[in-house]
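Asker: Be aware that the sequence shown starts at 9, since it is given in the working numbering, and climbs by one per residue.
The C-beta atom is built at its ideal place from N, Cα and C for all residues, glycine as well.
Okay, handing you the structure first.
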Amino acid sequence: LLKAEADDITRVSLRSKGIDVNVVASHFGGGGHIRAAGCTINLPLEEAKQALIEVI
Numbered sequence: 009l010l011k012a013e014a015d016d017i018t019r020v021s022l023r024s025k026g027i028d029v030n031v032v033a034s035h036f037g038g039g040g041h042i043r044a045a046g047c048t049i050n051l052p053l054e055e056a057k058q059a060l061i062e063v064i
C-alpha cells in the first residue's frame, strides 16, 4: 500500500506471504517484520513505486 503524504513524501506499508518485506523496507530506512513492514520514501508517489519495484 502506497500513500502520498505530500508532493515528495510517500508512506509505504508492505505485506507478503513470500518475500521478506523487512529487507525491502530497510533499504528505505524503514523496518518491521518478515511478513509486515513499512517505510517512508522521500519521493513522489510514482517515483516511489518505481523505486520499490527495483528493490523487489
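1. According to DSSP, what are the bridge partners of Leu53?
2. Identify whether Leu9 lies in helix, strand or coil by the three-state DSSP scheme.
3. As a quick exercise: from His41, Glu13, Ala14, Ala12, pick the residue whose alpha carbon is nearest that of Leu22.
4. With DSSP as the reference, label Ile64 as helix, strand or coil.
5. So the alpha helix (DSSP H) Ser34 belongs to, where does it begin and stop?
Answerer: Taking the structure as given:
1. Partner(s): none; Leu53 has no beta bridge.
2. In the three-state reduction of the DSSP assignment, Leu9 falls in the coil class, being assigned neither a helical nor a strand state.
3. His41
4. coil
5. 29 to 35
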